[in-house]
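Participant: Using UniProt numbering, the first residue of the sequence shown is number 1, and each one after it goes up by one.
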Amino acid sequence: MRYLPRVADDLLAVALATSGAVQVRGPKWCGKTATSLQQAGSVIYMQDPDRSQSYIALADAKPSALLEGATPRLIDEWQMAPQLWDAVRFAVDRRGEPGQFILTGSAAPTAQGAHSGVGRIATLVMRTMALFESEESTGQVSLRALFDGEAEVAGVSALDVEDIARILCRGGWPAAVTAGATASPGRLARNYVEGLIDSDVARMDGVSRNSTRMRALMRAYARHVSTRAAQATIAADLAVDDATMAPNTVSDYLGALSRAYVIEDLPAWTPALRSKTAIRTSPTRHFVDPSIGAAVMRWAPADLLRDFEAFGLQFESLCVRDLRVYAEANDGTLFHYRDKTGLEADAVVVLADGRWAPLEVKLGSRQLDDAAAHLRRLRDRVDTARMGEPSFLAVITAGATAYRRDDGVLVIPLACLRH
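#1: Leaving out five residues on either side along the sequence, give the residues of the same chain with a beta carbon under 6 Å from the beta carbon of G31.
#2: How long is the line joining the alpha carbons of M245 and F392, rounded to whole angstroms?
#3: Hey, how far is the Cα of M92 from the Cα of V125?
#4: Can you tell me where the beta strand (DSSP E) holding residue 423 begins and where it ends?
#5: Can you give me the C-alpha to C-alpha distance between V320 and Y55, rounded to a whole angstrom?
#6: Near L37, what residues of its chain come up, given a Cβ to Cβ distance below 7 Å and the 5 sequence neighbours on each side ignored?
#7: Per the contact definition of three or more C-beta pairs closer than 8 Å, is the stretch 303 to 323 in contact with the stretch 58 to 75?
#8: Just verifying my parser: in three-state terms, what is the DSSP assignment at Y253?
#9: Pop quiz: G155 and A402 are said to be a contact at Cβ under 8 Å. What is the actual Cβ separation, rounded to whole angstroms?
#10: Assign F308 to buried or exposed, taking buried as 16 or more other Cβ atoms, counted over all protein chains shown, within 10 Å of its Cβ.
#11: Taking the alpha-carbon of L266 as reference, which of L323, N248 and A34 has the nearest alpha-carbon?
#12: Tell me the start and end of each unbroken beta strand (DSSP E) in the stretch 1 to 57 that is at least 3 residues and wholly inside, in chain order.
#13: With distances taken Cα to Cα, identify the nearest neighbour of D353 among A327, E344 and Y337.
#14: Pull up the distance between the alpha-carbon of K144 and that of S52, whole angstroms please.
#15: Could you pull out every residue in the same chain whose Cβ sits closer than 6 Å to the Cβ of M1, ignoring the five residues on either side in sequence?
#16: Are the stretch 255 to 263 and the stretch 18 to 34 touching by the rule of at least three beta carbon pairs closer than 8 Å?
#17: Mind checking if L131 is an interface residue toward chain B, Cβ cutoff 8 Å exclusive?
#18: Going by the CB atoms, is the gap between V382 and P271 shorter than 8 Å?
#19: Which partner residues does R73 have in the DSSP bridge list?
#20: When the Cα atoms are used, what is the spatial distance from G408 to V153?
#21: If you draw a straight line from the alpha carbon of L11 to that of A329, how long is it in whole angstroms?
#22: Thinking just about the alpha-carbon of each residue, which of T249, G388 and E264 is nearest to the one in R228?
#23: Return the chain-ordered list of same chain residues with a C-beta closer than 6 Å to the C-beta of D9, the five sequence neighbours on each side being excluded.
#24: Need the endpoints of the beta strand (DSSP E) that L124 sits in, please.
#25: Taking its Cβ as the centre, do 16 or more other Cβ atoms sit within 10 Å of A111, making it buried, or is it exposed?
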């Protein structure tokens, strides 16, 4: 498979230069191993069917033996032998040099090591490919440049809404991206979902979970993507699929999906405000890649084009995926905002140094005026004496051109954006 450069390449290089080990986390098939191999000196595959049992037995008897090899030593799917965590931490202490190990895994182990690894093992989260990584964004508008004060934007997207629908169903899975037009949109995502439901989540922590219930829960979750639906609401929606689950069972299943990096909710931003308006703290619901929701609902691109309400919610989730990638490349975090008056921002990028920028997501152009007005109202509501002025206000769209409106709000096609 052709390797396409990833935003995580530079982040991994920096982490290896400053930490003894790096844990690369993220969903299965997102490219963690391929990216890590670009910088690894040696590798051991814990899932190798010919050697897996021997490796696990050796990890019980003498875990340090698995750590010998050229550095950085890549241990793929390390969570199959959680005791390796403490072995890596000890080896890092003993060697006293950066860049010794890379640990990759597509599930968070329920049993963690005796030591946290703080100060020794850095964490890097990888996601599926953003549009700039899949070479489908022109990259004419840089998030970093906007935060650094770039006042004007200009760009022309090469994608239309039909392309966006196809990409959304295909997902950012590297294997699907590099397959190009030879693969039908969504086939890899459907394989991922079926494999996940049939075995992966249960195998992750040894707990048996009903595949019919898991499929029904994921369908209910997909119907609430990009909303702040409570767990009780999702549970109630299971009745649509003729399934019922107790609240604690819903919580367990959602927890398993979260540990497997299948769902990743977007937390609420709680800035200081000029007034005492109450801020809603419920997260918005998202799959780690929007193609998962499309796959579990069996949506094809044509289905999304016929239902623009569903399309809009899925497009918002696609934007959240890309914005997370770009924000983290700039030492930032993505949030959403909503208060009791109904004022909201679909996404808020907050950098580690305190700079921030609110963004609205709109699939088409009819709602641009409303979106811009919401962003200006949010800017006025935030206590800028304590939070600082926003670096910019922007509406992310599926439109054709990037430009600055007369009111100063930026309009940026997702397919023009980069980190």
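Built from N, CA and C at the ideal position, the CB exists for glycine as well.
Facilitator: The structure says:
#1: Taking the first residue of the sequence shown as position 1, residue 31 is located at position 31. Around G31, the same chain offers P174 as residues with beta carbons nearer than 6 Å, after the five sequence neighbours per side are excluded.
#2: Position 245 of the sequence shown, counted from the first residue, corresponds to residue 245. Position 392 of the sequence shown, counted from the first residue, corresponds to residue 392. The alpha-carbon atoms of M245 and F392 are separated by roughly 44 Å.
#3: Locating residue 92 in the sequence shown gives position 92, counting from the first residue. Locating residue 125 in the sequence shown gives position 125, counting from the first residue. Looking at the sequence shown, residue 92 is not Met but Val. Their Cα atoms are separated by approximately 21 Å.
#4: As shown, the chain starts at 1 and ends at 419. That puts residue 423 outside it, with no answer to give.
#5: Locating residue 320 in the sequence shown gives position 320, where the first residue counts as 1. Locating residue 55 in the sequence shown gives position 55, where the first residue counts as 1. Those two C-alpha atoms are separated by around 38 Å.
#6: Here the question's residue 37 lines up with position 37 in the sequence shown. Result list for L37: V43 and L74, in chain order.
#7: No: fewer than three Cβ pairs fall under 8 Å.
#8: Taking the first residue of the sequence shown as position 1, residue 253 is located at position 253. Helix, per DSSP.
#9: Walking along the sequence shown from the start, residue 155 turns up at place 155. Walking along the sequence shown from the start, residue 402 turns up at place 402. Contact between G155 and A402 is confirmed by a C-beta separation of about 4 Å, below the 8 Å threshold.
#10: Here residue 308 corresponds to residue number 308 of the sequence shown, with the count starting at 1. Under this definition F308 is an exposed residue.
#11: Here residue 266 corresponds to residue number 266 of the sequence shown, with the count starting at 1. L266 has its Cα closest to that of L323, out of L323, N248 and A34.
#12: List check, beta strand (DSSP E) in window: 21 to 25 and 42 to 45.
#13: In the sequence shown, counting from the first residue as 1, residue 353 sits at position 353. Of A327, E344 and Y337, the smallest CA-CA separation from D353 is found for A327.
#14: Here residue 144 refers to the residue found at position 144 of the sequence shown. Here residue 52 refers to the residue found at position 52 of the sequence shown. The sequence shown places Arg at residue 144, rather than the Lys named in the question. So the two alpha carbons sit approximately 43 Å from each other.
#15: Sequence index remark: in the sequence shown, residue 1 carries index 1 (1-based). The residues T178, in chain order, have a CB closer than 6 Å to that of M1 in the same chain once the five nearest residues on each side in sequence are set aside.
#16: Judged by Cβ distances under 8 Å, the stretch 255 to 263 makes contact with the stretch 18 to 34, as three or more pairs qualify.
#17: Protein chains in the displayed structure number just one, and chain B is not present.
#18: By 1-based counting over the sequence shown, the position of residue 271 is 271. By 1-based counting over the sequence shown, the position of residue 382 is 382. Cβ distance < 8 Å, so P271 and V382 count as in contact.
#19: For the purposes of this step, residue 73 is identified with residue 73 of the sequence shown, where counting begins at 1. Note: R73 is bridge-paired with S42 and F101 in the DSSP secondary-structure output.
#20: Residue mapping note: residue 408 aligns to position 408 of the sequence shown, counting from 1. Residue mapping note: residue 153 aligns to position 153 of the sequence shown, counting from 1. Looking at the two C-alpha atoms, the distance is approximately 11 Å.
#21: Your numbering for residue 11 matches position 11 in the sequence shown. Your numbering for residue 329 matches position 329 in the sequence shown. The alpha-carbon atoms of L11 and A329 are separated by roughly 7 Å.
#22: Locating residue 228 in the sequence shown gives position 228, counting from the first residue. Closest in alpha carbon position to R228, among T249, G388 and E264, is E264.
#23: Within the sequence shown, numbered from 1, the residue matching residue 9 stands at position 9. Apart from the 5 residues on each side of it in sequence, D9 has no Cβ closer than 6 Å to any other Cβ in its chain.
#24: Here residue 124 refers to the residue found at position 124 when the sequence shown is read from its first residue. It spans I121 to V125 - the beta strand (DSSP E) in which L124 sits, taken as one unbroken run.
#25: For the purposes of this step, residue 111 is identified with residue 111 of the sequence shown, where counting begins at 1. Caution is warranted here: a pLDDT of 47 is assigned to A111, below 50, making its placement in the model unreliable, and no coordinate value can be reported.
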